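Chemist: In the working numbering, the protein residues as written are 1 to 67. First the structure, which I've put down as C-alpha cells, then a few questions once you've had a look.
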C-alpha cells in the first residue's frame, strides 16, 4: 500500500492528477487494506475527511457514532 500511496502523491505533486483524484485513489487503496479488527476503515476514512475539511465536525461525530 505504501508504494501505491507514494505513487499517487508523486502524480498529484507533478500535477498529473488533481488533489481530488489523489484523495479518491488513496481512499480506494485504503478500502482494500486489511486493518486490525479493532480499527474500522470507515472511521479512518472519516478522520481523513474531517482533517482535510471535506466534512464538518458534526458529520464526523455522526459517522463515528458519538454525535
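Every residue, glycine too, gets a C-beta built ideally from N, C-alpha and C. None of these values were measured; they are calculated from a predicted model.
Quick check: residue 45 and residue 27, are their CB atoms within less than 9 angstroms of each other?
Modeler: In this structure, residue 27 lies closer than 9 angstroms to residue 45 by Cβ.
Chemist: Looking only at C-alpha atoms, which of 51, 54, 31 and 43 sits nearest to residue 63?
Modeler: Closest option to residue 63, Cα to Cα, is 43.
Chemist: Helix or strand or just coil, what does DSSP make of residue 22?
Modeler: In this structure, residue 22 counts as helix in the three-state DSSP scheme.
Chemist: Per DSSP, what kind of secondary structure is residue 14 in: helix, strand or coil?
Modeler: The answer is coil: DSSP assigns residue 14 none of H, G, I, E or B.
Chemist: To the nearest angstrom, how far is the alpha carbon of residue 40 from that of residue 24?
Modeler: Roughly 18 angstroms between the two C-alpha positions.
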